[in-house]
Amino acid sequence: QEVGIVAAEEPHMTKSLTRSGFAGCSTKDFPMGEFIDLDHFTALRFRVKSDGRKYVVSIRTDNWLTGSSYAKDQDLWQAFLFAPKGQWADIILPKSRFLKTWRGRIVEVRQEMLAVRVTGMGIAIAGGGDVEPEGPF
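Reading the sequence shown from the start, the letters are residues 32 to 168 in the working numbering.
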C-alpha cells in the first residue's frame, strides 16, 4: 500500500502551504524538567522489519550551554539505521555512531552527547538525493 512519495523537487508553493512533510515518528514532548537518562548505556537496540530503505534515528538532548528544554534550543544527534528488507532484525546502534546535526548538516566539531538529559527520540525515513531514491513508499 503506497502512502507517500519521496521527492527532492520542491512542491508548488501556495499561501496555505507552510511546510512539506516527511515520514517518521517520535516520542511525545516530555514535561519541562523530565528526561530519559541514557548515560549508562553504550548502544540502542531496535527490533525492526524494514522495507529496505535507509532510516535516520534521532536523539534530542538538553543543550550544554543553555540548559534549555525548548525544542529550538535542543541538540539533535542522528545516526543511520540500515536493516535487511522483509525480515525482522535486531539492529544495534552504538551511541558513538550518533553525530550532532544542525539543520540537517553534521556539526564538524566533535562534541559529547549529554546522554543524561535526553528530551526525545525518533525515527524517520532518510529521503531524497543520494541518500534514498525518489519514488513511492
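Even glycine gets a Cβ: it sits at the ideal position worked out from N, Cα and C.
Asked                                                                                                        : Found
Residue range of the beta strand (DSSP E) that includes Ile154                                               : Val149 to Ile156
Outcome for Gln32 when other beta-carbon atoms lying within 10 angstroms are tallied against a minimum of 16 : Only weak support exists for where Gln32 lies, its pLDDT of 49 falling under 50; the coordinates are left without a value.
Residues near Ala114 by beta carbon distance below 6 Å, same chain, minus five either side                   : Val79, Ser81, Ala120 and Ile122
DSSP three-state assignment for Gln32, whether helix, strand or coil                                         : Confidence is the limiting factor: at Gln32 the pLDDT is only 49, short of 50, which leaves the residue's position unreliable and the question unanswerable from this model.
Euclidean distance between Cα positions of Ile154 and Met63                                                  : 22 Å
Given Leu107 as reference, the closest of Pro125, Gly117 and Gly135 once Cα atoms are compared               : Gly135
Reference Asn94, options Ser57, Phe66, Val87 and Cys56, closest by Cα                                        : Phe66
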